[in-house]
Each structure stands twice: as structure tokens, then as C-alpha cells.
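Counting in numbering that gives the first Met the number 0, the final residue of the sequence shown is number 216, and the numbers go up one at a time with none missing. By construction, the Cβ of each residue, glycine as well, lies at the ideal position given by its N, Cα and C atoms. Note that the coordinates shown come from a computational prediction; the quantities given were computed from them, not determined experimentally. As C-alpha cells, the structure follows; a few thoughts come after it.
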Amino acid sequence: MSQSTVARIINYPDEPVTLFKQLIEAFDKQSTDGVTYMNLATIDDEFGVLNRTVIYRGLSDDNCIIYITQRYTRNFKNIQANAKCGITFILPNVVLPSQGQEPVVWQVRLIGATAEELPKSQLDEWWNKELLTSQIRNHIFPCGQPVNYEELVEKHDRFLHDHLESKRPLQRPNTYTAFKFRAQRWDFLKVGSGQIADRVQYRRQDSGEWKSMHVAT
Numbered sequence: 000m001s002q003s004t005v006a007r008i009i010n011y012p013d014e015p016v017t018l019f020k021q022l023i024e025a026f027d028k029q030s031t032d033g034v035t036y037m038n039l040a041t042i043d044d045e046f047g048v049l050n051r052t053v054i055y056r057g058l059s060d061d062n063c064i065i066y067i068t069q070r071y072t073r074n075f076k077n078i079q080a081n082a083k084c085g086i087t088f089i090l091p092n093v094v095l096p097s098q099g100q101e102p103v104v105w106q107v108r109l110i111g112a113t114a115e116e117l118p119k120s121q122l123d124e125w126w127n128k129e130l131l132t133s134q135i136r137n138h139i140f141p142c143g144q145p146v147n148y149e150e151l152v153e154k155h156d157r158f159l160h161d162h163l164e165s166k167r168p169l170q171r172p173n174t175y176t177a178f179k180f181r182a183q184r185w186d187f188l189k190v191g192s193g194q195i196a197d198r199v200q201y202r203r204q205d206s207g208e209w210k211s212m213h214v215a216t
């Protein structure tokens, strides 16, 4: 006979970003490629809602999630027109000792997230963390535009060769930019095999403090 239980999130901290950091750290321990992905949804004039899976880059000094893009991309233009965004993380097979020893799936959502573009003075710090592949893509790959594949590969190989020959670091292009997201709510969902999920939601109060509560899935 099949069984059914209800998952439970216990001992959760007062601040949502603390739980988020714990989950990211636990997920990194079992990740094979060391990369965490998040889904970003923006409002688009033509298609209504556009979502895209992007690489999670880390947190700002004030604990906001960072998203890096180019100023000519559709996502950038969408965010400029409407700064409200939706962000979702799916973190499978996570063992967080404070929540039990069995691997479970966690979902983390930022609800009512508002994007704020970082000042130019902070961009070099993020650019210097980029892998070479990302830096090259930022220089020569026209995101979302039709291309001739063979010509693009030739352009890439030539760019890489010239860069290696120069023995100089690649400079940040003027189109490179980043946003941080301030959320009105953080929503954490936990579920294991044969379980109904539990959710804990943090809601920002007018005072700036967070109020946490269980909510039905």
C-alpha cells in the first residue's frame, strides 16, 4: 500500500537569506559541476512573460541575489521597463543536517522581487570573477541574434587566439552589467519521496523585519 506523509521544515532561522545560504552550501557539496542555476522571469511586451534559466552568481554585500547580463539583451530591456521579476531555484537531492538526514528537493522562490542595477563602480569585481568562456561570450556573442554558426566559431577561435597571444586580461565591455533583486517574500518548499510538501514563507514587514510562517502547499 502506498504511503503519504507531510514534509516539515524545522528550526528555520529568522532571516531568509540565512536559510538560503545554508541550502546553497549543502547543494554545492553534492553538485557535480559546481554550478547553481536559477530561473528568471520578466515581463515582455511581445510575449507576455519570458523566463530563462541563468547561472546564480552569488549575493551582493547587502545579501541580494545577483544577475549578470548585457545591456543589449531582451532581459535587460524588459527589466528596465518593468523591474518586477520572478526568481526560482530548484535544488534536488539536498541533505541539510538541520532538516534531517534524507536527501530532499527544495524550491526557493523570490516573490515580488524588484531589480536594481549595480553601479559601474561594482562591475569590475564581478567581471574579474567570470570564467574566460563567459568573458569571451560577453565580447563577441550577440545574444538572441541570428548568426552563421561557422562564422561565429571562426570569430571565437580568432578572438581566443589573439587574447592568448596578448597575455593580457580581457577588459570589461561597456555593455556588461548586473542587477540585484530585493524580494518582498522568500518562499521555501521542502519535499521528499512520498510526501506532501511543506512551505515556509518569509514576508517583509513595513518595519523591514521578516515575519516567517508555514503556508499550505
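Residue i classed as buried or exposed, judged by whether at least 16 other C-beta atoms fall within 10 angstroms
i, result
"K28", "exposed"
"Q144", "exposed"
"D197", "buried"
"S97", "exposed"
"L95", "buried"
"R108", "buried"
"N74", "buried"
"T41", "buried"
Limits of the unbroken beta strand (DSSP E) element including residue i
i, result
"A112", "V103 to E116"
"I42", "Y36 to D43"
"L49", "G47 to I54"
Bridge partners - residue i, DSSP secondary structure assignment
i, result
"K210", "R202"
"D197", "K189"
"N62", "DSSP output for N62 lists no bridge partner at all."
"F180", "I64 and A114"
"I86", "L39 and L109"
"Y175", "Q69"
"V16", "Beta-bridge pairing links V16 to no other residue."
"V94", "DSSP lists no partner for V94."
Where residue i falls: helix, strand or coil (DSSP)
i, result
"F26", "helix"
"A80", "helix"
"V5", "strand"
"P168", "coil"
"T74", "Residue 74 is actually Asn in this sequence, not Thr. DSSP places N74 in helix when its eight states are reduced to three."
"Q100", "coil"
"G21", "It is Gln, not Gly, that sits at residue 21 in the sequence shown. Note: Q21 maps to helix in three-state DSSP."
Host alpha helix (DSSP H) of residue i (start-end)
i, result
"F158", "Y148 to S165"
"I135", "L131 to I139"
"D123", "L122 to W126"
Interface flag, residue i vs chain B, CB-CB below 7 Å
i, result
"V107", "This model lacks chain B altogether, as it is built from one protein chain only."
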